[in-house]
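Chemist: Structure provided below as structure tokens; questions to follow.
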Amino acid sequence: MQNRTLGIIGGTGWLGRAIAQALLDTGFIRPDRLLVSNRSGTHTFEPPVRLLADNQQLVDLSDIVVLSIRPEQFRQLQINARGKLVISLMAGVPATAIRAATGAEVVVRAMPNAAVEIRQSFTPWCCPASLCEQDRALVQRLFECVGTADEVPDEDCIDYLSALSGTGPALAAMLHQALMNQAVAAGIPAAIAQRAAQGVVVGGGQLLASHDPRQMIENLMAYRGVTAAVLQSMADQGIEAMVGRAVQEGAQVARRGM
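When we follow the UniProt record's numbering, the leftmost residue of the sequence shown carries the number 1, and every step to the right adds one.
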């Protein structure tokens, strides 16, 4: 990242820390060019990564500022980031609000998810203001350190994807829980039900990494067996519409602001 300094406000939380560690491990940034801040004044990064308790001091020393805080914490954040590139990881806080509160002219909104922990996050991002090609490439590479990333056309896409990819493993966890609970209700011992459900969610997810999901469904439906009966029943009960309504409900929360 050449000689630019990056500061992460909230850099010791689960999200900020995972991103910071990935940036260090991949060589995206040198340790002496990384600053983190939190209210406790403690962290586990090795020097020369610097910890600051004063957010404004971090901003003053940084060229790029990452806001890795919860939306409700933003109301209390008082910083002057004029002249800085600000990257917000907050759901439901529009770039206009961030610019008004911080003075930053260039604000990138991004939505990683909990899979940053294993560097398998999908991170959509956008910048409503003009972004030079150098900074565009920098933002893309930054989020590729924790998985894959795409620049999306506008903030409406970010709000929608906050409820889709931003949920991370939550949707998979709900499917896992439903499968396990129904198996137990059908008389399967709980430990076996848990392993069976995990095999579906984890094993299936890994398989989908190298297979086209539509083609897989079509191939399995063609056998007209047990799997086809399960899939047909889910389709008949409107699983796509149900998922669509659920994601739209989350997106509306993001669009209203959190």
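In this text, a Cβ means the ideal position worked out from N, Cα and C, and glycines have one as well.
Alpha carbon to alpha carbon, what distance is there between V200 and A101?
Modeler: If I take the Cα positions, the gap works out to 45 Å.
Chemist: Which residue wins for smallest C-alpha separation from V108, given the options V152, N219, A235, P213?
Modeler: Residue V152 is the option with its Cα nearest to V108.
Chemist: What is the residue span of the beta strand (DSSP E) that R195 lies within?
Modeler: It is not in any beta strand (DSSP E) - R195 instead sits in the alpha helix (DSSP H) that spans 190-198.
Chemist: Near D32, which residues of its chain fall below 7 Å by C-beta distance, leaving aside the five closest residues on each side in sequence?
Modeler: Counting only Cβ-Cβ distances below 7 Å, and skipping sequence neighbours, we find P48.
Chemist: Measuring straight from C-alpha to C-alpha, what distance separates N3 and C145?
Modeler: Their Cα atoms are separated by approximately 18 Å.
Chemist: Suppose the cutoff is 8 Å on Cβ atoms and the five residues either side in sequence are ignored; what does the same chain contact list for L131 look like?
Modeler: Here the set comprises V106, V108, V139.
Chemist: So, with DSSP's three-state summary, where would you put I79?
Modeler: The answer is coil: DSSP assigns I79 none of H, G, I, E or B.
Chemist: What number of angstroms, rounded off, separates the C-alpha of A193 from the C-alpha of E46?
Modeler: Roughly 43 Å separates the two Cα atoms.
Chemist: Judging by CA-CA distance, which residue of R255, E218, F28 is the nearest neighbour of A137?
Modeler: Considering only alpha carbons, the answer is F28.
Chemist: Quick one, which of Q120, I79, A191, R17 has its alpha-carbon nearest D54's?
Modeler: Comparing Cα positions, the closest option is I79.
Chemist: Just how far apart, CA to CA, sit A190 and A183?
Modeler: A190 and A183: Cα-Cα distance of roughly 8 Å.
Chemist: Just grab the DSSP bridge partners of A110 for me.
Modeler: DSSP output for A110 lists W125 as bridge partner(s).
Chemist: Helix, strand or coil for I147? Go by DSSP, reduced to three states.
Modeler: Just to set this straight, residue 147 is Gly in the shown sequence, not Ile. Strand at G147.
Chemist: Should R214 go down as buried or exposed, given a rule of 16 or more other Cβ atoms within 10 Å for buried?
Modeler: When all chains shown are included, R214 counts as exposed.
Chemist: With DSSP collapsed to three states, give me the class of I87.
Modeler: I87 falls in the strand class under three-state DSSP.
Chemist: Does the beta-carbon of N113 have 16 or more other beta-carbons within 10 angstroms, so that it is buried, or is it exposed?
Modeler: With 16 or more Cβ atoms within 10 Å of its Cβ, N113 is classed as buried.
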